[in-house]
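**Q** Protein sequences, first through last, are from chains S and F.
Each residue of the first sequence is one higher than the last, beginning at 841 in the working numbering.
Each residue of the second sequence is one higher than the last, beginning at 7 in the working numbering.
Starting off with a structure, shown below.
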Amino acid sequence: MRIRVISSLIVLGSLIVATAALAAAPIKIGALFAVTGPASFLGEPERNSAKMVVDEINAAGGVKGHKLELVVYDTSGDATKAVQLATRLIKDDKVLAIIGPSTTGESMAVIPVAEKDHIPLISCSAGIKITEPVKRWVFKTAQNDTLAVGRIYQQLQKQRVRRVSILTVSDGFGSSGREQLKAQAARFGITVVSDDTYGPKDTDMTAQLTRIRGIKPDAIICWGTNPGPAVIARNARQLGLKIPLYMSHGVSSRKFIELAGDAAEGIRIPSGKVLVAGLLPKSDPQKKSLMTFVKDYQRHYHAEGDHFAGHAWDAVMLLKGAIERGGNSAATIRDQLEKTRQFHGIGGTFTYSAHDHAGLGKDAFVLVEVKGRDWVIVK
Amino acid sequence: MHRDLLKFMLFAAMILAAPLAFQGGYLMNVLVFVGINTMLAIGLNLLLGYCGQISLGHAGFFGLGAYLSGVLSTTYGWNPWQAMPLAAVVVGSLAFLIGFPILKLKGHYLAMATLGMGIIMYIVFNETIDLTGGPSGLSGIPNLSIGSLDFDSDVSSYYLIWSFTLATILLTLNLANSRVGRALRAVHDSEVAARVMGVNARLLKVQIFALSAVISSLAGSLYAHTMTFISPASFGFNFSIELLTMVVIGGLGSIYGSFLGAALLTLLPEFLRAAQDYDIIIYGGLLMLMVMFMPGGLVRGVPDLFRRLLKKGGDRHA
């Protein structure tokens, strides 16, 4: 009798342990963000929002009963470190997928590692080379520069503007924008009449703007990330330039208005919808995701959730979707990622396919303008 | 001399056996970069530690080697094994030519001139977009291979890189113990005295500068073919300073010191990752303590520390 009780207790015990182990087996996801260093303006919000959304998913019971476990490493924006840490995520932490890195340079360096070890990588950087040509294991959430340039040119075409001057920063972001600005101009009947660059750390761009003033273009397009474009806005105001000024999605945050002050007034940029989430019509398919994201981010970090944070949010949610549809290994997660259809995220509406691992369309960008020290949608 | 050879054999055996201890882990990948950094630190140490001439632009030579090798093999379809020596020859000759005017300068002026040289090279990598790919980098660089053996895994790259590093160590150890090495140290202590003794100090400095650039260029080529992607950010001023830190922390004028410095600066951040957000503070603090209490570098400081500890222990017993 006693033996039977003990043995049944043992069986029961082992059953409980087994089910607990099954339910608890977490799914490990790696993340590489440039939390420190020159690209920390990307990496920090990305890490914050990735952690936030993973916590929310786990609090709601995980994905199909599995908790998500996020392993984040800081690359400090260094390509060599990014490669070492990607190897660490794959070999030592044995993650099933990697989110990040934050910059195009790091992403390009990590791609060979992901391709070789067959681990899905969802990059949070914008460079067009990341997913073109399509690489089997590599996806991305940040909008291509192609789309941003297209959005500006579309507007210029509508206003019958033909002659533009471009002023771009000499880093990865700027040179990619410069390439696209020059390549797409002809398609919209636009000629680039002058092509100037400035250094990422320059503090005065009066020289370039004076030159541009002499050329008298119909519009100026400046491509860069903070603080350069704010300096350009101020310089243009000081020189009394009346030429319409367009900038890139690289400055799409309230920070830009803070930096440029009154000089920001009237400047137009193509931007992800997160910047004007509150102003979007209810019919917008992204509205629900955007409002959730903005509110959650505000609650957790008491800060404005920008589109950089959105890239990481999208990446985690895309993975969640892939796992829900049955992805349970690196290979099946990859296959399911590729089957993502009409996911309304922060950066836009994603539809991946075997030929498209960037997944976004023209509707990812809206044109916004600074009016009364705030961003408004240009109708 | 026999003892030196024995020491080298022991060191080489340790290096060759290391993969057995780290089987398959990511540390193998980090150790590959320890090898590359060791080569770079030795190159700079020849110049700074032995000859007493500072360079704040060595990341430029490193980058030039990487880009020459990368562009030749990727854009022009060269065999990497041909691109690598060509890059080394070009970088060496360039350094030889730059060396004559630059090495006439001393102290702060030399530091400034080499700093400028490094920054100019960085700007060239960054702005010649059609050739180097500019800030978004150059990708798709082929791996080195011998026959059907492709050096694309961590373990195979480890042996590839470390055979180059060990060869560099052997070469520089021999150089340091030869007549040239003694002449270098003489120039370090007093250039005038060295010249009085019949050392052609000017030519010697330029030759060492060129040799140091060749070693950096080889390290650069190896880096390019291992990473298969390069971008200018890896070859900027910050990296020149990191190299300088490796040499100083490891020990000026010591080949094994350069290895210790490179290993410490490459591995320490990996171990400190456990401290999460505080890693940078601990890292900086440790470096500061080492410079304060081990001015001769790790290679002299660590044995000193042991000796002092042993002595203390001995006193207590007595």
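Cβ coordinates follow ideal geometry from the N, Cα and C atoms, glycine included.
1. How far does the alpha helix (DSSP H) with F68 (chain F) in it extend, from its first residue to its last?
2. Would the stretch 50-67 of chain F and the stretch 107-124 of chain F be scored as touching if the rule is three or more Cβ pairs under 8 Å?
3. Does the separation of the CB atoms of A1198 (chain S) and K980 (chain S) fall below 7 Å?
4. Could you tell me the alpha carbon to alpha carbon distance between A324 (chain F) and Y262 (chain F), rounded to whole angstroms?
5. Taking M948 (chain S) as the query, report the chain F residues whose CB atoms sit under 8 Å from its CB, ordered along the chain.
6. When the Cβ atoms of the stretch 1128-1140 of chain S are set against those of the stretch 872-879 of chain S, are three or more pairs found closer than 8 Å?
7. Strictly by DSSP, which residues pair up with T920 (chain S)?
8. Using a Cβ-Cβ distance cut-off of 7 Å, determine whether A324 (chain F) contacts chain S.
9. Quick one: what's W1215 (chain S) bridged to in DSSP?
10. Can you find the residues in the same chain that come closer than 8 Å, C-beta to C-beta, to G1101 (chain S), ignoring five residues on each side of it along the sequence?
11. Give me the chain F residues within the contact set of A919 (chain S), using Cβ-Cβ distance strictly less than 9 Å, ordered along the chain.
12. Evaluate contact between the stretch 46-56 of chain F and the stretch 265-281 of chain F, counting only Cβ atoms and requiring at least three cross-stretch pairs below 8 Å.
13. For M1045 (chain S), is the classification buried or exposed, using 16 other Cβ atoms within 10 angstroms of its Cβ as the cut-off for buried?
14. Please check if any C-beta of chain S sits within less than 7 Å of the C-beta of I135 (chain F).
15. Give me the DSSP bridge partner(s) of R1108 (chain S).
16. For D1124 (chain S), which of helix, strand or coil comes out of DSSP?
17. By DSSP, does K1160 (chain S) sit in helix, in strand, or in coil?
18. Could you name the residues of the same chain whose beta carbon sits closer than 7 Å to that of N149 (chain F), not counting the 5 residues immediately before and after it, in chain order?
19. Quick check: what's the CA-CA separation for K1160 (chain S) versus Q1020 (chain S)?
20. Name, in chain order, the residues that DSSP records as bridge partners for W1063 (chain S).
21. Quick check on the DSSP output: what are the complete beta strand (DSSP E) runs of length 3 or more inside the stretch 876-933 of chain S, in order along the chain?
22. When the Cβ atoms of the stretch 1183-1203 of chain S are set against those of the stretch 1143-1150 of chain S, are three or more pairs found closer than 8 Å?
23. Establish whether the CB of Y32 (chain F) and some CB of chain A are separated by less than 7 Å.
24. Please state the DSSP three-state secondary structure of T1189 (chain S).
25. Contact criterion: CB-CB distance below 7 Å. Does V36 (chain F) meet it with respect to chain S?
26. Leaving aside the five residues before and after Q213 (chain F) along the sequence, list all residues of the same chain whose C-beta is less than 7 Å from its C-beta, in chain order.
27. If you reduce the DSSP assignment to three classes, tell me which class L100 (chain F) lands in.
28. Which residues of the stretch 1011-1036 of chain S have a Cβ closer than 7 Å to any Cβ of chain F? Give them in chain order.
29. Determine whether the Cβ of D932 (chain S) lies closer than 7 Å to any Cβ atom of chain F.
30. Would you say the stretch 1008-1016 of chain S touches the stretch 1077-1087 of chain S, given that touching needs at least three Cβ pairs under 8 Å?
31. Please say whether F67 (chain F) and A219 (chain F) have beta carbons closer to each other than 7 Å?
32. In its own chain, which residues sit with a C-beta less than 7 Å from the C-beta of A1070 (chain S), not counting the 5 before and 5 after it?
33. Apart from the five residues on each side of it in sequence, which residues of its chain come closer than 6 Å, Cβ to Cβ, to R887 (chain S)?
34. Tell me the rounded alpha-carbon separation between T80 (chain F) and V978 (chain S).
**A** From the atom records:
1. Boundaries of the alpha helix (DSSP H) around F68 (chain F): 64-80.
2. Result yes; three or more Cβ-Cβ pairs closer than 8 Å.
3. Yes, they are a contact pair.
4. For A324 (chain F), the predicted structure reports a pLDDT of 45, less than 50, and the residue's modelled location is therefore unreliable. A value from the coordinates is still provided. So the two alpha carbons sit approximately 35 Å from each other.
5. Those are S142, G143, S145, F235, S237, listed as they occur along chain F.
6. Per the Cβ contact rule, the stretch 1128-1140 of chain S is not in contact with the stretch 872-879 of chain S (fewer than 3 Cβ pairs under 8 Å).
7. Its beta-bridge partners do not exist; DSSP assigns none.
8. For A324 (chain F), the pLDDT reaches just 45, beneath the cut-off of 50, and the residue's location in the model is therefore unreliable, leaving the point undetermined.
9. S:V1210, per the DSSP bridge assignment.
10. Spatial neighbours of G1101 (chain S) in its own chain (CB-CB distance under 8 Å, excluding positions within 5 residues in sequence) are listed in chain order as R1074.
11. Chain F residues near A919 (chain S): G143, M233, F235, I236, S237, A239, S240.
12. Cβ pair count under 8 Å is three or more, so yes.
13. Buried.
14. Output row for I135 (chain F): interface = yes.
15. Beta-bridge pairing links R1108 (chain S) to S:Y1086, S:E1209.
16. Annotated three-state conformation of D1124 (chain S) is coil, per DSSP.
17. In this structure, K1160 (chain S) counts as helix in the three-state DSSP scheme.
18. Shown here for N149 (chain F): same chain residues with a beta carbon closer than 7 Å to its own, the five before and five after excluded, namely D156, F157, D158, H231, T234 in chain order.
19. One alpha carbon belongs to K1160 (chain S), the other to Q1020 (chain S), and they sit about 33 Å apart.
20. According to DSSP, which records beta bridges pairwise, W1063 (chain S) is partnered with S:T1008.
21. Here the runs fully enclosed are 908-914.
22. Taking a contact to require three or more Cβ pairs closer than 8 Å, the stretch 1183-1203 of chain S and the stretch 1143-1150 of chain S qualify as touching.
23. Any reference to chain A falls outside this structure, whose protein chains are S and F.
24. Here T1189 (chain S) sits in strand by DSSP.
25. The C-beta of V36 (chain F) comes closer than 7 Å to at least one C-beta of chain S.
26. Here the set comprises nothing.
27. Helix at L100 (chain F).
28. Answer in chain order: D1011, G1012, S1015, S1016.
29. Chain F, which has a Cβ nearer than 7 Å to the Cβ of D932 (chain S), makes this yes.
30. Too few Cβ pairs lie closer than 8 Å, so no.
31. It is a contact, given that the beta carbons lie within the stated cut-off.
32. Contacts found: F1096, L1099, A1100.
33. Once the five neighbours on either side are set aside, the close Cβ partners of R887 (chain S) are F873, V875, V912.
34. One C-alpha to the other measures close to 22 Å.
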